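Everything below concerns the one structure shown next.
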Amino acid sequence: EAQVTQNPRYLITVTGKKLTVTCSQNMNHEYMSWYRQDPGLGLRQIYYSMNVEVTDKGDVPEGYKVSRKEKRNFPLILESPSPNQTSLYFCASSFTGFTEAFFGQGTRLTVV
Amino acid sequence: GQQLNQSPQSMFIQEGEDVSMNCTSSSIFNTWLWYKQDPGEGPVLLIALYKAGELTSNGRLTAQFGITRKDSFLNISASIPSDVGIYFCAGQSAGGTSYGKLTFGQGTILTVHP
């Protein structure tokens, strides 16, 4: 089954403790991205990747890092999480930047 | 940056009623997309619009790409309980620094009473 898989689905952590949210897609998509969803703001792009080893900032990249060492994986790294990064995070992938984006099921992160 | 204004923010309707929601932008998009998000899930694409003036249907859903390329609407006819969810519009630009980026509206929360 074609899908985008994120882990974990839920995470509660403390301020400053590094964490990684994984994202994997099995559709051989080139384009992958991370979004955060906050009430009243819709989804905002954090980082994107056009292909392996090619990443760039989206609208809200501060406090986040990403890597794209393999085509299928695009982890989101929070080196020192802060409470304002409490949010619902979605990974998405598509064949290119202009084709339909498929979203993962989301990761609800709480930073206390 | 680009902004999308989506309205209404929420709707409470009776089963069988028609629904209409729209998005307006401060700038031009080359593609307009409408997504639906069910509770606990990621957004799923409903309709994609690629040309100004385009009117596209998908079952009970109809969406239009505004002629100015700065707006779009989505209509749902004869609503049913499973239409409940959050509906998002999204605009996509051609390229440059915005390559592939989806700019989302704030979402419309739809509640359907049986």
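Those protein sequences? They're chains A and B, same order as listed. All residue numbers for the first sequence refer to this note's numbering, where the first residue is 1 and numbers rise by one. All residue numbers for the second sequence refer to this note's numbering, where the first residue is 113 and numbers rise by one. We treat Cβ as the ideally placed atom computed from N, Cα and C, and that holds for glycine. The structure presented is a predicted model; accordingly, all values stated were derived computationally and were not measured.
Here DSSP, grouped into helix, strand and coil, assigns residue 142/B to coil. Around residue 214/B, the beta-carbon contacts reaching into chain A at under 9 Å are 33, 35, 43, 45, 92 and 101. Residue 218/B sits in coil when the DSSP states are folded into three classes, being neither helix nor strand.
At a cut-off of 7 Å between C-beta atoms, residue 157/B counts as an interface residue with respect to chain A. One Cα belongs to residue 18/A, the other to residue 171/B, and the distance between them is close to 46 Å.
Annotation for residue 54/A: 68 place their beta carbon closer than 8 Å to its own, counting only its chain and skipping 5 residues before and after. Contact between the segment 91-105 of chain A and the segment 210-220 of chain B is present: 3 or more CB-CB pairs across the two stretches fall below 8 Å. When Cβ-Cβ separations below 7 Å define contact, residue 219/B makes contact with chain A. Ranked by Cα distance from residue 164/B, the options 156/B, 223/B and 176/B are led by 176/B. In this chain, residue 150/B is not harboured by any beta strand (DSSP E), its DSSP state being neither H nor E.
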